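For reference, the structure discussed in these notes is given below.
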Amino acid sequence: MNDGIIFSPFQVKSITLKNRIGVAPMTRMSSSGDSIPRQDVFEFLIRRAKNGAAIVYTEAIVTDYESAQGYPGQARMVTQRQIESWRPVVRAIQKEGSIAIMQIFHCGRMAWPDINPANRVIAPSAITPNQINPMTGEPYPVPDVMTQFDVDHVIVGFAETAKGAIEAGFDGIEIHGAHGYLINNFLSSYSNERTDAYGGSVENRFRFAHEVIQAVKKVIPDDRLLTFRISNWGVADMEVSLFKDKDEWQELINLLSKESIDAISVSAYCYKDKAFGTDRSMAQITREVTDLPIMICGQIYDRTSAEDALTDADIVLSAKSMLLNPNWVEDVRSGKDLPLYTSEEANVAYTDEPLP
Ligand SMILES: Cc1cc2nc3c(=O)[nH]c(=O)nc-3n(C[C@H](O)[C@H](O)[C@H](O)COP(=O)(O)O)c2cc1C
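Going by the numbering used here, the first residue of the sequence shown is number 1, and it counts up by one from there.
Structure below.
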């Protein structure tokens, strides 16, 4: 079979990606207390590089020891031991001609105070999601409204974590601005009712993201990538559209495009769903207003869907197919019939069962 667009190279800054396929970020909750993932979780990532993925994203790494963590067993990147644990993983991924990008985030109003040493939840406003926390079976606690001190402190956490990733040799950093976590809490008026410089207009709601991007950019060398992930949905109250309409989304993408980032990763529930009541997809309405490379994710599970998604994006990311099928990239290359996996099947990610 002709390799086609999927297996053609793509240039991002000084980095040539060998194809258009990446492993989407996937939290595994595997750390036993030192905020270092289990060895089999590391090996899982290396196997995806060996199978041909051009980009391997890590799970979302929490950015501080105060209030960033939302799920048990998450990883951090601020101690020498944490850095040393990732170094051989990054090298093994690079040996396959792939690149490794560390995704970093703060859970914001989705944090779980009991597993954060400071026992705190912080967010732009004192608003909780409507649904209960499936991890605790309880409502999410009402967050403390972030002060300027909190804002500055959290930004330092992002920069320190990015420094750790660079020290471990990562090719890039992704700032997680999607899925209802802290940065997304600021971006969306569903969770941001501030009346200061961080709330109100789209530009004001974007200010926190801007400050995080600037701080992270400062600590990463020019030859590394900086990507930003964004979505119109969050993991709690999933049915809610976090942005009002297409114009609001495009205004945000415009602001992002002025930042010194190298790609925008758009996370959709399904890559081809029509967005904001228009007849166009998230990738299409994003493309209308940016020249930056676009990554798209959401139900890309076989060669046909990958090819289709690449008509409006530059790179496709896959999560569940990558998780459950260690040969996914090669199966896409050969055009094999492949299943669309469910979230229930993906729950195996959170067990201590090593994945293939
Ligand atoms: C087990 C699992 C863990 C995930 N963890 C993260 C994460 O840490 N960061 C993130 O941005 N998205 C995360 N996601 C969302 C995926 O990256 C992706 O956007 C979503 O699963 C849709 O893609 P898919 O249809 O290919 O699975 C996770 C998804 C799964 C299944």
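Positions of the beta carbon are idealized from the N, C-alpha and C atoms, including for glycine. Keep in mind that this is a model prediction, so the values were computed, not measured.
Given 8 Å as the limit, tell me if residue i has its C-beta closer than that to any heavy atom belonging to ligand 1.
| i | result |
| --- | --- |
| Q94 | no |
| S85 | no |
| Y190 | no |
| I99 | no |
| Y65 | no |
| S321 | yes |
| A178 | yes |
| V113 | Reading off the sequence, residue 113 comes out as Pro, not Val. No, Cβ of P113 sits at least 8 Å from all heavy atoms of ligand 1. |
| G298 | yes |
| P25 | yes |
| E239 | no |
| F105 | yes |
| A349 | yes |
| E344 | no |
| S318 | yes |
| Y140 | no |
| R48 | no |
| E59 | yes |
| R229 | yes |
Comparing alpha-carbon positions, which option in the options lies nearest residue i?
| i | options | result |
| --- | --- | --- |
| C297 | D64, Q94, Y71 and A309 | A309 |
| S98 | A215, D196 and R20 | R20 |
| D312 | Y301, R287 and S305 | R287 |
| T304 | V202, H176 and Y271 | Y271 |
| T147 | A197, G137, E160 and A159 | A197 |
| R207 | D223, L182 and S231 | L182 |
| H153 | E251, A49, E66 and T27 | E66 |
| A60 | R38, M29 and N133 | M29 |
| P124 | L187, M102 and Y71 | L187 |
| W233 | V151, R224, W249 and I6 | W249 |
| A268 | I300, T16, Y71 and D331 | I300 |
| S35 | D222, V78, I132 and I93 | V78 |
| F170 | T16, V90 and E330 | V90 |
| A54 | W328, S85, N184 and P354 | W328 |
| D223 | P72, Q11 and I15 | I15 |
| E405 | K336, L338 and L323 | Beyond the ends of the chain as shown, which are 1 and 356, falls residue 405; an answer cannot be given. |
Would DSSP call residue i helix, strand or coil?
| i | result |
| --- | --- |
| T304 | helix |
| N184 | helix |
| Q103 | strand |
| P139 | strand |
| L317 | strand |
| I166 | helix |
| S257 | helix |
| G108 | helix |
| D144 | strand |
| T16 | strand |
| G22 | strand |
| T161 | helix |
| S334 | helix |
| Y350 | helix |
| A49 | helix |
| E43 | helix |
| F243 | coil |
| Q250 | helix |
| E345 | helix |
Give every residue of the same chain whose Cβ lies closer than 6 Å to the Cβ of residue i, excluding the five residues on either side of it in the sequence, and list them in chain order.
| i | result |
| --- | --- |
| I83 | G164, E167 and A168 |
| S265 | T227, R229 and M295 |
| K320 | Y341 and A346 |
| D64 | G157 |
| K246 | F276, T278 and I285 |
Leaving out five residues on either side along the sequence, give the residues of the same chain with a beta carbon under 7 Å from the beta carbon of residue i.
| i | result |
| --- | --- |
| P326 | R47, N51 and P356 |
| P113 | N119, R120, V121 and P141 |
| A126 | V142, P143 and V145 |
| Q69 | V62, C107, A111, W112, I115 and N116 |
| A162 | I104, I173, V216, V219 and I220 |
| G199 | P124, N192, E193 and R205 |
| E251 | V202 |
| H210 | E259 |
Apart from the five residues just before and just after residue i, which ones in its own chain have a Cβ nearer than 8 Å to its Cβ?
| i | result |
| --- | --- |
| L292 | L256, S257, I261, D262, A263 and I264 |
| I213 | I175, L226, F228, E259, S260 and I261 |
| E330 | N51 and G52 |
Does ligand 3 have a heavy atom nearer than 8 Å to the CB of residue i?
| i | result |
| --- | --- |
| S267 | No copy of ligand 3 appears in this structure; the ligands present are ligand 1. |
As an exercise, report each continuous alpha helix (DSSP H) stretch of at least 4 residues that is fully enclosed by the stretch 197-229, in chain order. Correct list: 202-219.
Of all the beta strand (DSSP E) runs that stay within the bounds of the stretch 267-301, which reach a length of 3 or more residues? Uninterrupted beta strand (DSSP E) stretches at least 3 residues long and entirely within the stretch 267-301 occur at 294-297, given in chain order.
May I have a chain-ordered list of the alpha helix (DSSP H) segments no shorter than 4 residues that lie completely inside the stretch 72-104? Fully enclosed alpha helix (DSSP H) runs of 4 or longer: 80-95.
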